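Enquirer: Sequential numbering from 34 applies to the sequence shown in this note's numbering.
Idealized CB from N, CA, C, for every residue including glycine.
Predicted model only: the values in this text are computed from it and were never measured.
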Amino acid sequence: MTRKYLIKYSSKSKAPKDEALTALVEEIKNVNLVDDAALSEDGTILTITTEDEANLIPIMDAVVNVFRRQDGKSEVTYDFAINFAD
């Protein structure tokens, strides 16, 4: 199962770039139950792949903490439009 999430930062300067973006993706990939993860080039769309939909709750609890360390006011939200755009 693959889900996409919209990431909002308190300012553009808080959005991860280059090595920080790569490090965030690696940290998310290491979260228990995550099969794969990717961030868009601008760091605003997170794609998570996991085996079972029930895994998403503990995964997203951890992912929110990852982004809060990047920017204490960041928001991670599920967006129906980006999930059903394909």
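Given a cut-off of 7 Å on the beta-carbon distance, is the pair K37 and I115 in contact?
Expert: Yes.
Enquirer: Would L39 and D104 qualify as a contact pair, given that the criterion is a beta-carbon distance under 7 Å?
Expert: Cβ atoms of L39 and D104: not closer than 7 Å.
Enquirer: Are D69 and T55 close, meaning C-beta to C-beta below 7 Å?
Expert: Taking 7 Å as the Cβ cut-off, D69 and T55 do not qualify as a contacting pair.
Enquirer: Confirm, please, whether the CB-CB distance from I92 to V67 is below 7 Å.
Expert: Against a cut-off of 7 Å, the Cβ pair of I92 and V67 comes out as a contact.
Enquirer: Could you spell out the range, first to last residue, of the alpha helix (DSSP H) harbouring V64?
Expert: Note, V64: premise wrong, no alpha helix (DSSP H); not H, not E.
Enquirer: Determine the burial state of T90: buried for a count of at least 16 other Cβ atoms within 10 Å of its Cβ, exposed for fewer.
Expert: Sequence check: residue 90 is Ile here, not Thr. It counts as exposed.
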